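Each position in the sequence shown, counted from 1, maps to that position plus 29 in my numbering.
Every residue gets a Cβ at the ideal spot worked out from N, C-alpha and C, and that includes glycine.
The structure displayed is predicted, hence computed values, not measured ones.
Take a look at the structure below.
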Amino acid sequence: MKIGIAGTGAVGGYIGGILALANHEVVFLSRGTNLLRMQERGLKIKSSVDEEIIYKEFTHSLDTFSDVDLIILSVKSNDTLIMTKQLSHNISSSTPVLLMQNGVSNEEIAMKYFDPTRLYTAAVYLTSRMTEPGIIEMSGKPRLTIGSLDSGNIEEAKSLTHLFNKAGIQSKTSSNVMRAKWKKLLWNVTFNPLSAYAGVTVGQIINQPELREIAERALVEGMQIASHKGFYFQDELINQIFVGARKADNHYTSMLQDRLNGKQLEIESICGYFLKEATKRGVSIPVIQSLYNHLAT
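Listed below in structure tokens is the structure:
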């Protein structure tokens, strides 16, 4: 299968690299120093036990995506609008598009440019970090929950799940994938903005009482907005998220990575989304508001 990776960061680079190692023809879209380094020396994926170097096509041109069998959209949420516009003009109208991004707003944008029957999305649980251009460090075991944005396409979603499982990435299919995406978004709003603001890892947030209290309050506010959107979670989710986060104690969240690397933060797709929904409903979410104010300036 020929697969186009639209966004070769910590997520897209890792996923595309594993698919390339599984003998798929993978084309990686990137730019700047990251692109130059990969063109020079390949994409290196490191773990605690080994490392692999992937030599495939690394490009800045979408022209090479015209004949792909699958697009994996993994750009930062800030770039979703422009990328979906460009992709809609460069790929076949029948090409399936799988979103692997933070937040739940990217799906709404993508549906404006692609037929929902070929749109899929994934809740991605992946502790990877691009330590320098062209080098990704991975820890733990990645997991994907995949589903179609068209409820009638469950079998097609299962075929994508099979693709990743066969490549060695633990995956499952969901008939209600947006609930899974919301659960991941609640994890993100708990840890991402606070880690970026305080400059700490997930484990440091959990271990420091003051930071943990802020994180828990952000999570409760997020759950309140989720319920207004029709996604109800029991209070036990709070404990589940913090217990599960122990597996990522040393993890630099994507937002912290971006801040350390001087990149634009995904503040709008995480905190900003909650604030817009809260404003619509006259709901107060002071912790998320405060984090947004600190990070958006």
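Item                                                                                                                                                                : Value
Residue ranges of each beta strand (DSSP E) run of no fewer than 3 residues wholly in the region 195 to 278, ordered along the chain?                               : 199 to 202
Relative to the C-alpha of Pro-315, which candidate in Val-153, Ile-243, Ile-164, Leu-50 has its C-alpha closest?                                                   : Ile-243
If the criterion is Cβ atoms closer than 8 Å, does the pair Leu-58 and Ile-34 meet it?                                                                              : yes
Provide the residue span of the alpha helix (DSSP H) that contains Leu-110, from first to last.                                                                     : 109 to 119
Determine the closest residue to Phe-193 out of Leu-173, Ser-203, Gln-68, with distance taken between C-alpha atoms.                                                : Leu-173
Can you tell me the Cα-Cα spacing of Asp-144 and Phe-303, whole angstroms?                                                                                          : 26 Å
Give me the DSSP bridge partner(s) of Val-153.                                                                                                                      : Leu-173
Can you tell me which of Gln-263, Glu-245, Gly-291, Met-284 puts its alpha carbon nearest to the alpha carbon of Phe-271?                                           : Glu-245
If you draw a straight line from the alpha carbon of Thr-124 to that of Ile-183, how long is it in whole angstroms?                                                 : 16 Å
Do Val-206 and Ala-255 have their beta-carbon atoms positioned less than 8 Å apart in this structure?                                                               : no
Does Val-78 pass the burial test, meaning 16 or more other C-beta atoms within 10 Å, or should it be called exposed?                                                : exposed
Taking the Cβ atom as the reference point for each residue, do Gly-163 and Ala-277 lie within a distance shorter than 8 Å?                                          : no
Any contact of the region 87 to 96 with the region 108 to 119, i.e. 3+ C-beta pairs under 8 Å?                                                                      : yes
Answer yes or no: do Pro-222 and Ile-299 have a C-beta to C-beta separation smaller than 8 Å?                                                                       : yes
Would you call the CB atoms of Val-97 and Lys-195 closer than 8 Å?                                                                                                  : no
Less than 8 Å separating the beta-carbons of Asn-63 and Ser-106?                                                                                                    : no
What is the DSSP secondary structure of Leu-320, counted as helix, strand or coil?                                                                                  : helix
Assuming Ala-186 contacts Tyr-149 under a Cβ cut-off of 8 Å, what Cβ separation, rounded to an integer in Å, is found between them?                                 : 6 Å
Just reading off the alpha helix (DSSP H) that Phe-57 is part of, what are its end residues?                                                                        : Note, Phe-57: premise wrong, no alpha helix (DSSP H); beta strand (DSSP E) at 54 to 58.
Locate the beta strand (DSSP E) running through Glu-86, then write down its first and last residues.                                                                : 86 to 88
Measuring alpha carbon to alpha carbon, tell me which of Glu-250, Ala-49, Gly-197, Gly-38 ends up nearest Gly-61.                                                   : Gly-38
To which residues of the same chain is Thr-113 closer than 8 Å at the C-beta, ignoring the five residues directly before and after it?                              : Leu-102, Ile-138, Ala-139, Lys-141, Tyr-142, Phe-143
For Ile-44 and Met-67, what's the separation of their Cα atoms in angstroms?                                                                                        : 15 Å
Output needed for Lys-213: all residues of its chain with C-beta closer than 6 Å, excluding positions within five of it in sequence on either side, in chain order. : Ala-152
Return the residue from the list Val-312, Val-40, Gln-318, Arg-288 that minimises the CA-CA distance to Tyr-154.                                                    : Val-40
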